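Asker: When you read off a place in the sequence shown, starting at 1, and then add 9, the result is the number in the working numbering.
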Amino acid sequence: MPVSRVISEASTLERVDTSAAQSGRTAALDGRSVRRHALGVTDRSAISNEQWERMAPLVASLHRRGTRGRSDRRFVEAVVWLLRTGSPWRDLPASFGRWGSVYQRFRRWAAAGRWEALRQALGADRAVDELLLIDSTIVKAHPHAAGARSGQSSEALGRSRGGFTTKVHAVVSSGGRLVRFVLTGGQVNDVTQATRLVPGLQGRAVVGDRAYDSDEFLACIREQGMAAVIPSLANRKIQRALEARMYALRNVIERFFGRLKAFRRVATRYDKTAASYAAALALADSMIVLSGWAA
């Protein structure tokens, strides 16, 4: 047989094998599914069967209409895939459905507060006697996050030393559960949001760094029957004693922020509206809870 014909047949077989590998086959892997797309990208289904069993009844309770003609799991997995990869909406793989439909449903849920309701339902088992750790983290905003009709300041975008940024102010329990969070522009001082975060919460003490040493905030903590484990500013005439072992637990909230930023669409903000970014953050926290992570 001529060499040229052998080479031609080998090339044909290689193209057939490649086509089969890219044909959208699905295989099982640790209770997840592996999808192979035409671009050669392998996508893991973001939610295991065990996680979905816990999440499914909560998701079903968030919408009044039935699920006929649509898959809640595929929808949630699509959004989680975007959170993990940081991809644009238009690059959503076709196996998750039309990107426009997924985006519109995500926006409806964000506007209705359903992602936050899901987060709170999953984290409802927090012990009330835990410490409350308060801190903030800066998130870089992509240039595409600009341009909202309502203006940047009303969408929690601003300018800080880090450039175009958003700041996430949060309270996390000593067990590693996100209790409450607020979004502002990156230039906003931490202590200005402290009195929005703590009211109505229960715990043994509030732990924060020197940025939270404010008479108003300290009074707010005392009124709720909690202790304040916050170092005194250097210019205070009377320095407060500090419980060192409690203060050392601040590492929990720092590690929690690290977990959140493992989701690329949280680590960098692409969303124009604060509602959409808050929804992404809420879903990321839900996935952390489902993963079983705890401090």
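Note that CB positions come from ideal geometry on N, CA and C, so glycine has one too. None of these values were measured; they are calculated from a predicted model.
How many Å lie between arginine 117 and proline 240 at the Cα?
Answerer: Going by the C-alpha atoms only, they are around 43 Å apart.
Asker: For phenylalanine 266, which residues from the same chain have a beta carbon less than 6 Å from its beta carbon, with the 5 sequence-adjacent residues on both sides left out?
Answerer: Thr146
Asker: Cα-Cα, which of Leu290, Asp294 and Ser285 is closest to alanine 119?
Answerer: Ser285
Asker: Out of Val238, Gly194 and Ala257, point me to the one whose CA is closest to arginine 249's CA.
Answerer: With distances taken between Cα atoms, arginine 249 lies closest to Val238.
Asker: Assuming leucine 299 contacts methionine 64 (C-beta within less than 8 Å), just tell me the rounded distance between them.
Answerer: 7 Å
Asker: Within 8 Å (strictly less), CB to CB, does arginine 189 reach chain B?
Answerer: Looking for chain B here will not work: only one protein chain is present.
Asker: Do the stretch 250-259 and the stretch 81-93 make contact, defined as three or more Cβ pairs closer than 8 Å?
Answerer: no
Asker: Which term fits glutamine 5, buried or exposed, when burial requires 16 or more other beta carbons within 10 angstroms of its beta carbon?
Answerer: Lying outside 10 to 304, the shown extent of the chain, residue 5 is not represented and no answer is given.
Asker: Provide the residue(s) that pair with histidine 153 in DSSP beta bridges, ordered along the chain.
Answerer: Bridge partners of histidine 153: none, in fact.
Asker: Consult DSSP for leucine 292 and reduce its assignment to one of helix, strand or coil.
Answerer: Reduced to three states, the DSSP call for leucine 292 is helix.
Asker: What are the complete beta strand (DSSP E) segments, minimum 3 residues, inside the stretch 220-278?
Answerer: 236-238
Asker: Between which two residues does the alpha helix (DSSP H) carrying phenylalanine 115 extend?
Answerer: 108-121
Asker: Would the stretch 172-179 and the stretch 150-163 be scored as touching if the rule is three or more Cβ pairs under 8 Å?
Answerer: yes
Asker: Can you give me the C-alpha to C-alpha distance between alanine 228 and arginine 278, rounded to a whole angstrom?
Answerer: 34 Å
Asker: If you pair each beta-carbon of the stretch 155-172 with each one of the stretch 192-199, do three or more pairs fall below 8 Å?
Answerer: yes
Asker: Give the single residue among Trp98, Leu140, Asp218 and Leu187 whose Cα lies nearest to the Cα of methionine 235.
Answerer: Leu140
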